[in-house]
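Residue numbers are given in our numbering: position 106 of the sequence shown equals residue 249, and the series is strictly consecutive.
Don't be surprised by glycine CBs; every beta carbon is placed ideally from N, CA and C.
Structure first, then comments.
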Amino acid sequence: MLMLITNMIIMSIISSAFLMLIFLISKKKLVDREKLSPFECGFSTMNESRNPLSLRFFLVTLIFLVFDIELILLFPFLMKVFYYAVYPHIIVFNLFLVLLSWGLFLEWNQSMLEWA
Numbered sequence: 144m145l146m147l148i149t150n151m152i153i154m155s156i157i158s159s160a161f162l163m164l165i166f167l168i169s170k171k172k173l174v175d176r177e178k179l180s181p182f183e184c185g186f187s188t189m190n191e192s193r194n195p196l197s198l199r200f201f202l203v204t205l206i207f208l209v210f211d212i213e214l215i216l217l218f219p220f221l222m223k224v225f226y227y228a229v230y231p232h233i234i235v236f237n238l239f240l241v242l243l244s245w246g247l248f249l250e251w252n253q254s255m256l257e258w259a
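Set out below in structure tokens:
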């Protein structure tokens, strides 16, 4: 029992020593105001206020994201349709293309695709 307590004390001392060594090694010695400030392409900020986000840019980004994810889902399904040529898969694939085209048509009618 005494040996178990001795081993636990020794392991606690070694663990504490390693923990203190890690904190000493990883601690940053030089604290600089420039390094603590956010990075903005190397330029100093002119004012503290943020510029408003363009809603048009946000909508175009969302449209791109939706169509990008749809294309990512489309390619593996297209390979499956060509390899197996199962009739229900072809129907689902065509339905997916119709929905994709319909969404594009709606966005075009609402002039969400025009930048200016």
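What is the DSSP secondary structure of Glu257, counted as helix, strand or coil?
Of the three classes helix, strand and coil, the one that applies to Glu257 here is coil, per DSSP.
Just the Cα atoms here: how many angstroms apart are Ile152 and Ile168?
In a straight line, the C-alpha of Ile152 is about 24 Å away from that of Ile168.
Helix, strand or coil for Met144 per DSSP?
Residue state, collapsed to three classes: coil.
Contact check, Ile206 vs Glu250 under 8 Å by CB: the rounded distance?
With 8 Å as the limit, Ile206 and Glu250 qualify as a contact, their Cβ atoms being about 6 Å apart.
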